[in-house]
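Colleague: Quick one: the structure is below, questions incoming.
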């Protein structure tokens with residue numbers, strides 16, 4: 048959520064390539080200064096030159112690697128011409144680890160993180176491996192049949208509107224509590240958050256195909272374009288203009 052009441056900054060600078068997968072949004076390109084804001088996603092920034100991020104107490108966090116905890120008011124005072132920005136779902140294992148490290152050890156990271164100059168998906172995978180070494184999810188071949196069924200059903204359910212965990216559990220043949228536990232364990236984020244990320248993916252897909260924001264929002268199961276706008280601002284501190292057709296998107300739905 049933007050705590051300053053104004054726009055989050057020059058989103059038009061966030062061009063180039065972007066990646067969206069359940070629990071992860073990433074951009075690579077230039078990082079511009081922003082207004083003060085806060086967002087639910089844990090934000091990891093790496094750059095070829097030093098960044099300066101101000102927290103709500105006036106503290107400056109300067110370095111080529113900065114992690115902003117979930118829901119922490121901040122602004123980018125000095126950006127970088129070349130960098131990568133990754134938002135992690137704070138309810139995921141990697142997001143929770145990155146959030147806690149920033150809270151307890153400071154926002155400036157001293158260890159070398161995967162950075163620019165590499166394929167964006169590789170950078171994201173490297174960041175997740177850095178914060179959570181070793182396997183963090185069950186291999187696709189080992190997923191419970193109920194989870195496989197749920198993943199097949201969810202795209203249609205998400206596009207149709209609200210998704211009921213109870214109804215989905217009944218359709219895949221397990222209890223609601225069992226589905227909730229299995230989903231978080233094997234996919235990496237809770238079902239309700241997966242549904243929200245899936246809606247964002249659908250909205251971007253529709254914008255890329257030529258829909259206006261209102262049509263894309265309705266097609267992705269949002270109540271209206273205002274609902275989509277609130278969601279992107281709350282999760283990333285960014286306006287839906289980041290869904291621009293001029294951004295090259297990698298829409299990875301595998302998780």
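In the numbering used here, the protein residues as written are 48 to 302. All C-beta atoms, glycine included, are put in the ideal place defined by N, C-alpha and C.
Under the assumption that residue 212 contacts residue 223 (Cβ atoms under 8 Å), give the Cβ distance between them as a whole number of angstroms.
Modeller: Translated into the one-based positions of the chain shown, residue 212 becomes position 165. Translated into the one-based positions of the chain shown, residue 223 becomes position 176. 6 Å between Cβ atoms; contact.
Colleague: Taking residue 303 as part of the alpha helix (DSSP H), name the residues at either end of that continuous run.
Modeller: In the structure displayed, the chain extends from 48 to 302; residue 303 sits before or after that span and is not available.
Colleague: With 16 other CB atoms within 10 Å as the buried threshold, where does residue 108 fall?
Modeller: Indexing the chain shown from 1 puts residue 108 at position 61. Residue 108 should be labelled buried.
Colleague: On the CB-based measure, 16 or more other CB atoms within 10 Å of its CB, does residue 29 come out buried or exposed?
Modeller: Only positions 48 to 302 of the chain appear in the structure, and residue 29 is not among them; the question remains open.
Colleague: Which residue's Cα is closest to the Cα of residue 91: 170, 151 and 138?
Modeller: Sequence index remark: in the chain shown, residue 91 carries index 44 (1-based). Taking only the C-alpha atoms, the option nearest residue 91 is 170.
Colleague: Quick check on residue 266: does DSSP put it in helix, strand or coil?
Modeller: Reading the chain shown from its first residue, position 219 is the one you call residue 266. DSSP places residue 266 in helix when its eight states are reduced to three.
Colleague: Put residue 112 into one of helix, strand or coil per three-state DSSP.
Modeller: Position 65 of the chain shown holds residue 112. Of the three classes helix, strand and coil, the one that applies to residue 112 here is strand, per DSSP.
Colleague: Confirm, please, whether the CB-CB distance from residue 225 to residue 200 is below 8 Å.
Modeller: As a first step, residue 200 is located in the chain shown; it is residue number 153 there, counting from the start. As a first step, residue 225 is located in the chain shown; it is residue number 178 there, counting from the start. Not closer than 8 Å, so no.
Colleague: Within 10 angstroms of the Cβ of residue 104, are there 16 or more other Cβ atoms? Answer buried if so, exposed if not.
Modeller: Sequence index remark: in the chain shown, residue 104 carries index 57 (1-based). Result: exposed.
Colleague: Identify every residue that forms a DSSP beta bridge with residue 92.
Modeller: Counting from 1 along the chain shown, the entry for residue 92 is found at position 45. Paired residues: 113 and 132.
Colleague: Per the DSSP calculation, residue 65 is bridged to which residue(s)?
Modeller: As a position in the chain shown, residue 65 is number 18, starting the count at 1. Residue 65 is bridged to 74 and 296.
Colleague: Thinking C-beta only, is residue 259 closer than 8 Å to residue 266?
Modeller: Position 219 of the chain shown holds residue 266. Position 212 of the chain shown holds residue 259. In this structure, residue 259 does not lie closer than 8 Å to residue 266 by Cβ.
Colleague: Under the three-state reduction of DSSP, which class applies to residue 124: helix, strand or coil?
Modeller: Position 77 of the chain shown, counted from the start, is the residue given in the question as residue 124. In this structure, residue 124 counts as strand in the three-state DSSP scheme.
Colleague: From the DSSP output, in three-state form, read off residue 107 for me.
Modeller: Mapped onto the chain shown, residue 107 falls at position 60. Note: residue 107 maps to strand in three-state DSSP.
Colleague: Counting Cβ pairs, one atom from each stretch, are 3 or more of them under 8 Å apart for the region 132–139 and the region 71–80?
Modeller: A contact exists between the region 132–139 and the region 71–80.
Colleague: Compute the distance between the beta-carbons of residue 117 and residue 89, then report whether it is under 8 Å.
Modeller: As a position in the chain shown, residue 117 is number 70, starting the count at 1. As a position in the chain shown, residue 89 is number 42, starting the count at 1. The answer is yes: Cβ separation under 8 Å.
Colleague: I need the DSSP call for residue 151, collapsed to helix, strand or coil.
Modeller: Here residue 151 corresponds to residue number 104 of the chain shown, with the count starting at 1. If DSSP states are grouped into helix, strand and coil, residue 151 belongs with the helices.
Colleague: Exposed or buried, residue 84, counting other C-beta atoms within 10 Å across all chains shown (16 or more means buried)?
Modeller: The count along the chain shown starts at 1 and reaches residue 84 at position 37. Its Cβ being crowded by 16 or more others within 10 Å, residue 84 is buried.
Colleague: Considering residue 245, what are the terminal residues of the alpha helix (DSSP H) in which it resides?
Modeller: Here residue 245 corresponds to residue number 198 of the chain shown, with the count starting at 1. First-last of the alpha helix (DSSP H) with residue 245: 238–255.
Colleague: Short check: CB of residue 268 to CB of residue 207, under 8 Å?
Modeller: By 1-based counting over the chain shown, the position of residue 268 is 221. By 1-based counting over the chain shown, the position of residue 207 is 160. Result yes, Cβ atoms of residue 268 and residue 207 sit closer than 8 Å.
Colleague: What are the boundary residues of the alpha helix (DSSP H) that residue 204 is part of?
Modeller: To locate residue 204, count along the chain shown from 1; it is residue 157. Residue 204 -> alpha helix (DSSP H) spans 192–207.
Colleague: Could you give the residue range of the alpha helix (DSSP H) that holds residue 172?
Modeller: Position 125 of the chain shown, counted from the start, is the residue given in the question as residue 172. First-last of the alpha helix (DSSP H) with residue 172: 167–178.
Colleague: So, using beta-carbon positions, are residue 98 and residue 111 closer together than 8 Å?
Modeller: Counting from one through the chain shown, the residue named residue 98 turns up at place 51. Counting from one through the chain shown, the residue named residue 111 turns up at place 64. Cβ distance < 8 Å, so residue 98 and residue 111 count as in contact.
Colleague: Measuring CB to CB, does residue 233 end up less than 8 Å from residue 277?
Modeller: In the chain shown, residue 233 corresponds to position 186, counting from 1. In the chain shown, residue 277 corresponds to position 230, counting from 1. It is not a contact, given that the beta carbons lie outside the stated cut-off.
Colleague: Only counting the same chain, and skipping five residues up and downstream in sequence, which positions put a Cβ closer than 6 Å to that of residue 245?
Modeller: In the chain shown, counting from the first residue as 1, residue 245 sits at position 198. Only 205 meet the Cβ criterion.
Colleague: What is the rounded straight-line gap between the Cα of residue 183 and the Cα of residue 106?
Modeller: The count along the chain shown starts at 1 and reaches residue 183 at position 136. The count along the chain shown starts at 1 and reaches residue 106 at position 59. Low local confidence applies: a pLDDT of 48 at residue 183 is under 50, so the model's placement there is unreliable, with the coordinate-based value given in what follows. Computed Cα separation, rounded: 33 Å.
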